[in-house]
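Data first, discussion second: the structure below is written as structure tokens.
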Amino acid sequence: MLEVPMRLKRIKNVLIIAGFIVCLLIIAAILVFRWVYNYSVEMAQNTIIPEPKGALPVIRSDSTGWPSWKGISNNNHAAPTQIITDWASGLELLWKVEYLCRGEQSITWSCPAISGNHLIVPGRHDSTDVIFCLDPQRGHLLWSFRYDAPVDNSSFGEGPRATPTIDGDRAYVLSRGGQLFCLSLKDGTEKWHRNYVKMGGEEPKWGFAGSPVVFGNSLIVQVGGQALVWALDKQTGETLWQSEPAPASYSTPAVLQHQGETILLVVGGQEFFVLDAATGTTLWKTPWTVQNNINICTPVYSPHYGIAIITSWYNKGTQAMRMNRDSAEILWHSNALNAHQTDPIILGDYLYGFSGMSAHNNDEFKCLNINTGEEQWTSSAIGSGQFIFVDPYFLSIDIKGNLYLLRASPVELTIVASIKNLISTDNARLWTKPIIAQGNLYLRYVNQLYCYRIAN
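Per the numbering used here, the very first residue in the sequence shown carries number -5; after that it's consecutive.
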């Protein structure tokens, strides 16, 4: 007679234990979700923007800056710089600022743009985006420009993602929500303003991220929705042309010369496009779909072979296409390289890049033959990160703030020098690329911007 109550008691105990385990799993899942998707960093709530120092400098250009997303040559190659290779005593910190962001969800992923005696870097204070202009050699604030930027989805932070573009006496900046401003480089005066959503654009899930690109008198922007790409008059902001409709991605268009013509390579949310840069006409396109339209990397191009290469994570892999005058043909597709957020770099016959999800510090660094897609080697010696080329080295910083100087060949990867924990990272990962300009190294992390001497 006691067997039934005892059995019920055992079942009750099992259910209680199972329920407890389920609760623990739910809590763990929530914590993981917050870690991966809800980048909130405790930043000082009393962050104060300093007063500008001194007279505004005369605008000057130079050949050693980094004026846009992929640098002065639009290929993530820094200007020739005699790099310091002995890092045993660290690198000399020239200056730093710690007021770029204020507020728990104000994280901003934009890299700085540097030209002559001006450095432009976006930030965010509470619900307001702030564009800062600094002296790149001393870090002094020259001017700042504010605008209201309400955000509905705070996942991955509410601040801008796109890197500014400096062209002549103007700077072009883009908010997460699609507000595009043209500012005077001299004093931050607004010249014109466009709104992607009012242009018929559809904001991607995690905000507009593709950086503005200058081509001649045009400013090329990826908007999505009514038209994937728009060309605006860079002086007035007026529309010059629109491409065909398509969902936007998080990628920046690439402008290049091919067989005497200027073309645009654009990775949209679901397709890869080759456009006529003068008219926006689609010359060729091919499907390139991933979940949530998370195509992030900018297309890369080998002018020697006329080969364009695109890559995405989510097991999408890498695809190479040989460009013809008004079309393209697919050469190869490989799952050896699945880049998430970091643009690969072409050197000669080889493609170098990180493969894996950039939210975790376990990417592999790989080398592929650009003509065949054959994997030359794989290295796990460095963590997930961003990198640029400064001849003859790669300079990389991983999501934990570790800096590496690398020498890569088709045979192997060698670590020449490294500094552990150069930047102390908190809850958010370091996702901005290292930038070398005017002999200095610039590193942006959330509300901080550091400038180190890196040239002899």
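Every residue, glycine too, gets a C-beta built ideally from N, C-alpha and C.
Buried versus exposed call for residue i [16 or more other C-beta atoms within 10 Å across all chains shown]
i, result
"R164", "buried"
"R401", "exposed"
"H334", "buried"
"K199", "exposed"
"H187", "exposed"
"S121", "exposed"
"K414", "exposed"
"G342", "exposed"
"G162", "exposed"
"H112", "buried"
"N441", "buried"
"R447", "exposed"
"N396", "buried"
Expected contact under 8 Å - CB spacing of residue i and residue j to nearest Å
i, j, result
"L443", "V91", "5 Å"
"F139", "L177", "6 Å"
"L219", "P239", "A quick correction: the sequence has Gly, not Leu, at residue 219. Right, the Cβ-Cβ distance comes to about 7 Å (below 8 Å), so this counts as a contact."
"G311", "N329", "4 Å"
"I301", "I364", "6 Å"
Alpha carbon of residue i to alpha carbon of residue j, nearest angstrom
i, j, result
"W282", "P44", "46 Å"
"T419", "R54", "34 Å"
"G433", "C445", "10 Å"
"D357", "P51", "43 Å"
"N32", "R155", "Confidence at N32 is low in this model, with a pLDDT of 45, below 50, so the placement of that residue should be treated as unreliable; the coordinate-derived value is given next. Roughly 15 Å between the two C-alpha positions."
"I114", "L389", "22 Å"
"L226", "G210", "11 Å"
"V30", "P297", "Note that V30 scores a pLDDT of 44, beneath 50, so its modelled location is shaky and nothing firm can be said."
"V405", "V145", "47 Å"
"Y387", "S83", "20 Å"
"S403", "L174", "40 Å"
"W224", "A322", "22 Å"
"L399", "V410", "5 Å"
"N450", "I78", "6 Å"
"T314", "I214", "The question names Thr, yet the displayed sequence has Ala at residue 314. For A314 and I214, the distance between alpha carbons rounds to 24 Å."
"A73", "L259", "24 Å"
"L88", "I417", "14 Å"
"T280", "F266", "5 Å"
"M317", "I304", "13 Å"
"G182", "G153", "19 Å"
"Y439", "G97", "15 Å"
"G48", "L136", "8 Å"
"W63", "D392", "18 Å"
"S205", "L407", "30 Å"
"T116", "S243", "Here residue 116 is Pro; the residue named in the question, Thr, does not match the sequence. Going by the C-alpha atoms only, they are around 21 Å apart."
"P428", "F383", "10 Å"
"H71", "L345", "14 Å"
"G59", "G110", "7 Å"
"T41", "I125", "15 Å"
"K180", "P247", "27 Å"
"P241", "L222", "6 Å"
"N147", "L94", "21 Å"
"R170", "N287", "16 Å"
"Q380", "S67", "18 Å"
"L277", "S237", "11 Å"
"A353", "D320", "38 Å"
"S374", "V217", "36 Å"
Collapsed DSSP secondary structure at residue i in the structure displayed
i, result
"V26", "Only weak support is given to the placement of V26: the predicted model assigns it a pLDDT of 41, under 50, and the question is left unresolved by the model."
"T305", "strand"
"N287", "helix"
"S212", "strand"
"L177", "strand"
"R164", "strand"
"C105", "coil"
"M317", "strand"
"P281", "strand"
"R96", "strand"
"L373", "This sequence places Ser at residue 373; Leu is not what is there. DSSP places S373 in strand when its eight states are reduced to three."
"D270", "strand"
"K310", "coil"
"R251", "Rather than Arg, the amino acid found at residue 251 in this sequence is Gln. Q251 falls in the strand class under three-state DSSP."
"T276", "strand"
"N365", "coil"
"Q380", "strand"
"T256", "strand"
"A330", "coil"
"L50", "coil"
"V191", "coil"
"I324", "strand"
"E232", "coil"
"G347", "strand"
"S296", "strand"
Complete beta strand (DSSP E) runs within the stretch 382 to 441 (minimum length 3 residues, chain order) = 387 to 392, 397 to 402, 407 to 413, 429 to 431 and 434 to 439
Contiguous beta strand (DSSP E) assignments of at least 3 residues, all confined to the stretch 106 to 144 | 107 to 109, 112 to 119, 122 to 128 and 135 to 142
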